[in-house]
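Going by my numbering, the sequence shown opens with residue 4, and the numbers climb by one from there.
Working notes, beginning with the structure itself.
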Amino acid sequence: MKMIGYWSILCVLIVSVSCRAENRKKNDLSFANETSHQIYTAKTDPNTKNIQVALLLDTSNSMDGLIDQAKAQLWEIVNELSYASCGDYKIKLQIALYEYGNDNLTPSEGFVRQVLPFSEDLDEISKELFSLTTNGGNEYCGKVINTSINQLDWKKNNDHLKLIFIAGNESFTQGPVNYKNAATDAVEKGITINTIFCGNYKQGIESHWKNGADITKGEYSAIDHNRKTIHIITPYDDIILQLNKKLNNTYIYYGNEGSKKRSLQAEQDINARSYGAANAVSRTISKSSGFYKNESWDLVDASTDKDFELEEISEEQLPAELKNKSTVELKEHINQKSKERKQIQNDIQELNKKRSDYIKNNSKKDETSLETALLNAIKTQGKRKSFTWEK
């Protein structure tokens with residue numbers, strides 16, 4: 004009887020060790036095949052609904068027009084999204100950026116690069132977008148989708164709006180990862196894939212771009228990526244740009260990165276202006292929205308955080324002109340700049356209402372742009388999650 008008991012225990016131990024070894028072997032193999040196959044999740048404010056958008060942009064030689072459209076239309080996209088609402092929830096926009104199909108990228112990673120993980124820092128998003136350049140390469144759609152699903156910090160709760168937008172012009176079937184498997188993985192995680200083919204609508208269907216979207220009930224679009232973005236000049240633009248200068252003067256940088264971030268803000272103003280004054284106006288409007296927050300380097304935005312303690316900011320972290328001020332004086336200064344900013348942002352928003360009406364009455368909607376494809380899909384899928392858009 005004892006012998007039978009010993010054999011039972013021994014068998015259990017052997018099976019247990021064998022299972023652990025087998026699982027370890029599978030994990031090692033999985034790691035070898037996909038080194039970044041990990042999903043990180045962050046705690047979410049229960050009073051917040053997230054709009055998570057991952058942009059996967061083809062940066063091969065033929066995509067200069069696509070990248071130009073992304074740069075020229077970023078701020079109009081942000082502005083339209085800023086009108087989102089969902090009951091009493093606070094709306095948070097997070098944008099991630101990937102490039103693929105570029106010979107400068109690492110072959111062992113499938114010519115895919117994460118340019119920026121999910122970020123709410125609009126200046127940082129603009130900076131990275133403007134850093135993109137094109138070069139010939141292999142365009143592996145399934146691979147870049149799979150990588151973005153596994154690398155990014157997607158919210159677990161499916162009440163959030165979780166979207167992938169992939170744009171390019173080669174066959175959707177290329178590369179080591181089957182796009183159908185990647186799309187199935189997206190469905191399981193509540194992520195919707197939207198495909199934007201840069202070329203003829205029928206050709207995009209034949210090369211499986213539509214099917215890539217259909218699997219997740221996403222939107223398929225075909226755009227003319229070489230079409231230049233036309234910005235409508237309005238009678239309100241000059242006033243808004245003057246207000247932008249005043250708005251910039253309300254920022255009080257602090258911390259180790261504060262000065263650099265303040266410079267980055269000015270740099271992205273210049274980048275927006277490089278696509279015309281009207282595009283710089285669009286950026287200014289974005290800076291007056293609730294999505295443009297800079298708590299990490301600006302004392303005015305930081306002071307709105309209930310956990311922020313001004314007393315914890317050392318004198319060395321302040322700009323030279325504020326180093327000798329007392330805590331009381333600093334608070335008065337921050338409050339004054341906060342009041343100025345709110346008034347300027349309100350003035351910009353009021354002018355933007357008139358600007359929007361002017362544009363609506365003096366332009367035709369471009370149905371073949373990146374902006375239109377993105378916004379149509381976001382609004383359609385947002386309705387499924389009870390998001391609405393009202394100006």
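Even glycine gets a Cβ: it sits at the ideal position worked out from N, Cα and C.
In the structure shown, GLU370 falls within a coil segment according to DSSP collapsed to helix, strand and coil. Per the Cβ contact rule, the region 219-235 is not in contact with the region 87-104 (fewer than 3 Cβ pairs under 8 Å). Rounded to the nearest whole angstrom, the C-alpha separation of GLU298 and SER306 is 8 Å. Beta-bridge analysis with DSSP links ASP350 to no other residue. Approximately 6 Å separates the beta-carbon atoms of ILE255 and VAL303; this is inside 8 Å, confirming the contact. Between HIS211 and THR176, the CB-CB gap stays under 8 Å. Residue burial is scored here from C-beta neighbours: PHE133 has at least 16 other C-beta atoms within 10 angstroms and is therefore classed as buried. If you look at PHE133, you'll find it in the alpha helix (DSSP H) that goes 125-133.
Across the set ALA216, GLY171, ASN203, the C-alpha of ALA216 shows the shortest separation from the C-alpha of THR187. The C-alpha of CYS144 lies about 7 Å from the C-alpha of GLY178. Judged by DSSP secondary structure, THR287 falls within the alpha helix (DSSP H) whose first and last residues are 280-290. The beta carbons of SER285 and ASN82 sit about 6 Å from each other, so the pair counts as a contact at 8 Å.
Leaving aside the five residues that flank SER174 on each side, the residues in its chain whose CB is nearer than 6 Å to its CB run, in chain order, SER210. When rounded, the separation of the alpha-carbon atoms in ILE208 and ASN214 is 7 Å. Between the region 192-200 and the region 153-171, the count of Cβ pairs shorter than 8 Å is three or higher; the stretches touch. Per DSSP, the continuous beta strand (DSSP E) segment holding THR195 begins and ends at 195-201.
Each of TYR182, TYR101, ILE288, LYS382 was checked against the Cα of SER122, and the nearest Cα belongs to TYR101.
Sequence-distant Cβ neighbours of GLN384 in its own chain, meaning closer than 6 Å and more than five residues away, are THR195. Residue burial annotation: ARG344 is buried, with at least 16 other C-beta atoms found within 10 angstroms of its C-beta.
Contiguous alpha helix (DSSP H) elements confined to the region 305-352 do not occur, taking only those with 4 or more residues. Checking the DSSP bridge columns, you'll see ALA170 partnered with LEU60, ILE199. GLU127 and SER63 do not touch by the CB rule: their CB atoms are close to 25 Å apart, not below 8 Å. Every alpha helix (DSSP H) stretch that sits fully inside the region 47-102 and reaches 4 residues is listed by chain position as 67-84. Across the set ASN349, LYS130, LEU96, SER266, the C-alpha of LYS130 shows the shortest separation from the C-alpha of ALA73. With 16 or more other CB atoms across the displayed protein chains lying within 10 angstroms of its CB, THR150 is buried.
In terms of Cα proximity to LYS296, the closest of LEU325, ARG265, GLY139, LYS249 is ARG265.
Looking at PRO322, THR391, GLN245, LYS183, the one whose alpha-carbon comes closest to that of ILE351 is GLN245. Contact check for TYR103 and ASP156: beta-carbon distance about 20 Å, past the 8 Å limit, so the pair fails to qualify.
In this structure, LYS342 keeps its C-beta atom at 8 Å or more from the C-beta atom of LEU313. Here PRO120 carries a strand assignment [DSSP, helix/strand/coil]. Per DSSP, TYR239 is not a residue of any alpha helix (DSSP H), being assigned neither H nor E.
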